[in-house]
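Listed in order, the protein sequences are those of chains A, B and C. Each residue of the first sequence is one higher than the last, beginning at 0 in numbering that gives the first Met the number 0. Each residue of the second sequence is one higher than the last, beginning at 0 in numbering that gives the first Met the number 0. Each residue of the third sequence is one higher than the last, beginning at 0 in numbering that gives the first Met the number 0. Below is one structure; the comments refer to it alone.
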Amino acid sequence: MAKIPGLVKGLGVTFGTMVRTITKGANTVQYPHEKEVPPIRSRGVIALHQDNCTSCMLCSRSCPDWCIYIEAHKDLAPPRREGGKVRQVNKLDRFDIDYALCMYCGICVEVCPFDALFWSPEYEYSEPNIADLLHDKSKLSEWMETVPEAPALEVGADKKKK
Amino acid sequence: MMQSLFLVVVPYWGQSLLRVLGGLVAVLLPAGTIVYLFLFKMMSFMQSRLGPMEAGPYGSLQLVAEVGKWMQKEDIVPQRADKFIFKIAPVVVLVSTFLLVVVVPFGPDAYFTNFDTGVFYALAVSSISVLGILMAGWASANKYSLLGGLRAAGQLIAYELPMVLAVMGVVIQAGTMNMQQIVVSQNSGSMFGFSGLGNPFVLTQFVGFIVFMISIQAELTQAPFDMPIAESELVSGYMTEYSGFRFLIFFIGEFATAGVFAMIASVLFLGGWGVPFAWFGWTSTDDVANWMNLVGPLIIFTKMMLVVFIIMWVRFSYPRFREDQLQRFAWKILIPVSLANIMVTAVLKVAL
Amino acid sequence: MTMTSDRLGDRQKLSYIAGQAADARVNLELETEGMTLNIGPQHPATHGTLRIIARLDGEQVVWAEPSCGYMHRGYEKLTEVRTYPQVTTLVNRIDWLGSFANEVPFILAAEKLMGVEAPSRAQWIRTILFELSRIANVSLFLGDLGVQLGAITPVFLAFRDREYVLNLIESATGGRFHPNFDRIGGLKDDLPAGFIDETKAVMKKLRNFCDEIEALLFGNEIFQSRTRGIGIIPRDVALQYGLSGANLRASGVDWDLRRDQDNAMAWNKINFKVWTHPDGDSFARCWVRLQETREATLIVDQLLDGIPSGPVMAKVPKIIKVPEGEAWVSTENPLGEMGYYVVSRGDLGPFRVKIRSASFNNISITPWLLRGVYVPDIITILASLYFILGDIDR
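Structure follows, in structure tokens:
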């Protein structure tokens, strides 16, 4: 049987792709009419759980871009039980993340010792004004509602300690 | 004549106006359809994507959007360019398309002119676009455009010859250079006594058909012969410096020329506007019913779409030739093959 | 201009001089003798902002030189003032197509200085992600190769099938292009459930893609006539110029760091074939990369079958201070051999990092290679050498 010349085989590939696209549809997701769901771990936006934050500044120091701005003041809180000492706590004044600078690396989420920062796969927060990309602590707390549960791990993985 | 086409007598100025409108429709309607169907949709499907879907249902109005976009762009003329030649170069390229469609018959009585040397005229006029491309390349003061223009000139001149020689086989077999007569002889002819399919020259002249298709591909500077517009090297070749309306003329001109060349290919090889006369019992042009004047354009449109499908299919599938490989292909392979085709045709025409 | 007698008549002399003058005028206008062509830095053909200055004689190149540095981002200076996790983030962006592959040699160098070895599960998963980024990188090359040569269809097929690989990387690491997943001592996290089955299905799709590209592009006679015999690099010249990766293997040198080196990765635990080609022309380089992509899918399949269970992170302190010392680690990245020379003074961050990127050395051969080729062949040769600007300029 004679070998089919490569030129003809190439035509066959494009024709086959065309037929496949017409009958089975393309991989195209027609945004914004249809939206793809990103994977659970997808790094979309960082959410802040304010109650856990003690303004230890670890995230702000470890950010490669220095895009986290934290201001806090010391305050006195009532003692935990009767007759105890008055405690000194840090009250968060300002916690801004500048998403115009953020590299989405995740170092801040990783180093936080108090589990105050979480990743959320939300990605539709682009603004026409670049100054609006500075999310303050109320906006960051709003993102907490979109934080998903951590996915189950593959077989053979160690059980997570947390 | 076209006068018999109408039920009333139309004065000469009316006829000329209708001819102008008809010419515009005959060139621009296929261009628009080709751009949408093949460039937007078929290319997308071959690349496993959907193409434009937003403008109109399934993106059918995308061409309107594109035309609007190009027309509102700034008309930039480079400072060191030769202004007059720069400005008229796109028009020269488009003029050759309009001149070419004049000689294509659309029905037994629906044609613009009926030259006895229609084929000769068509081949001659199709070479005017070479001038336009050279003018565009040279007048834009840009080394890239110059390179593109020079490559284009060499390529287009080289591929004129195989085109002419391929058509010669058809002319020998039909015995006439009149386009209308070629159509009639194809549809009223018979193969080995069986007249059910007529005598489309694509079957007996298949070598000529293939050579002609390759030459059209080169004349239109489509891949694999698109060195002049080698996008990954010269941006757009001779079209680089054009913007706005002038670029639109080049763009539409490219697809309009594809449509018109396809019409000529379908007239010469596929039987033009007709269906085999044996289906209706006709024997010559006078017998053909009047409604064929309305159906004929549709038939030739369909055949043109088929030919353009093949041209575009090849365009989207193959990488491009290098300039010297291109020239070698034309001079060393295509011309000897088409010369052999002519010899065989002539011998068989006399013998059979 | 023929001379019919020994003594030139006045009229003949004058017309001869006029002819020469006309030629000189045309040459000046066209400048075809010694025309200097600037390819780039903004150009559809080069993978980024590379500028090639070529002096042409008609359509042939007389002299060519690449002028890089338009994308220099100062990586080595940046690493002097960053900590190790921050450097890992930055280093993703050197070769942005095969991004995980950039982190690995750096982390291996830091681990070498600390004397820490990642647990075996972490090593296997590192290797899987490394090969996945190789597939993502080289499948884009296969598509882009078509565009450089004029075939517009393969690139869309490449992007379509590359999406699957990027989705896999995103499901595991959280980022499609910049995973930032490697840590000193192991990995950041474990694989999500369902990763193994999904990856096997994707590898099958990629093998289909390789077959499609072979039928559409490599089997095409036009492609072969454009690439065979173009830009031949002989074996010893390749070794002299320090080429690496597929460029070296296509010149017949059997050189693969995955097999020859003993890094803390899982390559020495599986079988794979190293593809070489004796010709050394552009077709050989493209062909070797196609076969490497297929081989990478087979490697990933083997690795998925044998992942050991266990932890993914070794016992390292929370705040890592790498002890004093110097270490050099290089790996077989998708583009070639990439290496990091890390000098540490016991701080939170490195004192000095020297990045040996593959494309910088690969492109050093262009002045030698581009002499005497035609202008369209410049593009073919650059396409077959395959460089990423981020890798050249860092």
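Built from N, CA and C at the ideal position, the CB exists for glycine as well.
Is there a C-beta anywhere in chain A that falls below 8 Å from the one on residue i?
i	result
B:Leu-38	no
B:Leu-146	no
B:Met-52	yes
B:Val-336	no
C:Gln-290	no
Pick from the options: whose alpha carbon is nearest that of residue i?
i	options	result
C:Pro-395	B:Ala-151, B:Leu-351, B:Arg-48, B:Ile-156	The structure shown has nothing for residue 395 of chain C, since chain C only spans 0 to 393.
A:Lys-90	A:Leu-133, A:Ser-61, A:Asp-50	A:Asp-50
B:Pro-89	B:Ala-109, B:Met-262, B:Ala-135	B:Ala-135
B:Phe-268	B:Gln-221, B:Pro-275, B:Phe-200	B:Phe-200
C:Ile-380	C:Ala-192, C:Ile-231, C:Ala-121	C:Ile-231
C:Lys-317	C:Glu-331, C:Leu-302, C:Tyr-339, C:Leu-347	C:Leu-347
A:Ala-46	A:Trp-142, A:Ile-67, A:His-32, A:Trp-65	A:Trp-142
B:Leu-219	B:Ser-95, B:Gly-50, B:Trp-330	B:Ser-95
A:Phe-103	C:Asn-179, C:Gln-239, C:Ile-364	The sequence shown places Tyr at residue 103 of chain A, not Phe. Per the Cα distances, C:Asn-179.
B:Gly-271	B:Ala-277, B:Phe-249, B:Ile-298	B:Ile-298
C:Lys-187	A:Thr-13, A:Gly-15, A:Val-36, A:Arg-40	A:Arg-40
C:Ile-195	C:Trp-327, C:Asp-143, C:Phe-282, C:Leu-167	C:Leu-167
C:Val-372	C:Leu-334, C:Ala-63, C:His-42	C:Ala-63
Which residues in chain B have a C-beta closer than 7 Å to the C-beta of residue i? List them in chain order.
i	result
A:Met-17	Met-41, Phe-44, Met-45
A:Ala-25	Ser-47, Arg-48, Leu-49
A:Lys-20	The question names Lys, yet the displayed sequence has Thr at residue 20 of chain A. Phe-44, Ser-47, listed in chain order.
C:Gly-142	Near C:Gly-142 there are no residues of chain B at all, since even the closest Cβ is about 10 Å away, more than 7 Å.
Along the chain, where does the beta strand (DSSP E) containing residue i start, and where does it finish?
i	result
C:Glu-336	336-343
C:Ala-283	Premise fails: C:Ala-283 lies in the alpha helix (DSSP H), 281-304, not in any beta strand (DSSP E).
C:Thr-88	Note, C:Thr-88: premise wrong, no beta strand (DSSP E); alpha helix (DSSP H) at 83-90.
C:Gln-59	59-66
C:Lys-353	351-355
A:Ala-46	44-47
A:Asp-95	86-97
Output yes if chain B places a C-beta closer than 8 Å to the C-beta of residue i; else output no.
i	result
C:Pro-233	no
C:Leu-148	yes
C:Leu-156	yes
C:Gly-230	no
C:Leu-381	no
C:Arg-393	no
Under 8 Å between beta-carbons, which chain C residues line up against residue i? List them in chain order, please.
i	result
B:Glu-322	Glu-58, Tyr-373, Pro-375
B:Pro-223	Gly-149, Ile-221
May I ask you to check if the CB of residue i is nearer than 7 Å to at least one heavy atom of the ligand SAM?
i	result
B:Pro-56	As for the ligand SAM, it is missing from this structure, which has no ligand bound.
Note down, in chain order, every chain A residue with its Cβ under 9 Å from the Cβ of residue i.
i	result
B:Trp-353	Nothing can be reported for residue 353 of chain B: it is not among the residues displayed for chain B, which extend from 0 to 351.
Whose Cβ in chain A lies nearer than 7 Å to the Cβ of residue i?
i	result
B:Phe-315	Thr-13
Considering residue i, what are the terminal residues of the alpha helix (DSSP H) in which it resides?
i	result
B:Phe-300	291-316
B:Ala-135	127-138
B:Tyr-120	117-124
Would you say residue i lies against chain C (beta-carbon separation less than 8 Å)?
i	result
B:Met-1	For B:Met-1, the predicted structure reports a pLDDT of 48, less than 50, and the residue's modelled location is therefore unreliable. A value from the coordinates is still provided. No, B:Met-1 lies away from the interface with chain C (no Cβ there is under 8 Å from its Cβ).
A:Pro-147	no
A:Leu-47	no
B:Leu-333	no
B:Lys-142	yes
A:Pro-38	yes
A:Ser-162	No answer is possible for residue 162 of chain A: it lies beyond the span of chain A, which begins at 0 and ends at 161.
A:Val-85	no
A:Ser-59	no
A:Gly-82	no
A:Ser-137	no
A:Ile-106	yes
Run through chain C and tell me which residues come within less than 7 Å of residue i, C-beta to C-beta.
i	result
A:Glu-153	Asp-189, Leu-190, Pro-191, Ala-192, Phe-194, Ile-195
A:Leu-6	Asn-219, Glu-220
Taking C-beta pairs closer than 9 Å, name the residues in chain C that residue i reaches, listed in chain order.
i	result
B:Arg-319	Leu-148, Gly-149, Ala-150, Ile-221, Arg-225, Pro-375
What does residue i touch in chain A if you count any residue whose Cβ is under 8 Å from its own?
i	result
C:Arg-81	Pro-63
Chain B partners of residue i, CB-CB under 8 Å?
i	result
C:Arg-159	Ser-47, Arg-48
C:Leu-215	Ser-316
Item to check | Contact between the region 54-67 of chain A and the region 136-150 of chain A (3+ Cβ pairs under 8 Å) | outcome: Inter-segment contact for the region 54-67 of chain A and the region 136-150 of chain A is absent: fewer than three beta-carbon pairs are separated by less than 8 Å.
Checklist entry - If we count Cβ pairs, one from each stretch, closer than 8 Å, do we get three or more for the region 134-144 of chain C versus the region 282-292 of chain C? => result The region 134-144 of chain C makes contact with the region 282-292 of chain C; the number of CB pairs closer than 8 Å reaches 3 or more.
Item to check | Cβ contact check for the region 258-266 of chain B and the region 95-111 of chain B: 3 or more pairs under 8 Å | outcome: For the pair of segments examined, the region 258-266 of chain B was found to touch the region 95-111 of chain B: the number of CB pairs separated by less than 8 Å reaches three.
Checklist entry - Can we say the region 274-285 of chain C touches the region 121-132 of chain C, given the rule of at least three CB pairs closer than 8 Å? => result Taking 8 Å as the limit for Cβ pairs, the verdict is that the region 121-132 of chain C does not touch the region 274-285 of chain C.
Next on the checklist: Could you check whether the region 328-345 of chain C touches the region 215-228 of chain C, counting it as contact only if at least three pairs of C-beta atoms, one from each stretch, sit closer than 8 Å?
Outcome noted: The region 328-345 of chain C makes no contact with the region 215-228 of chain C, as fewer than three CB pairs between them are under 8 Å.
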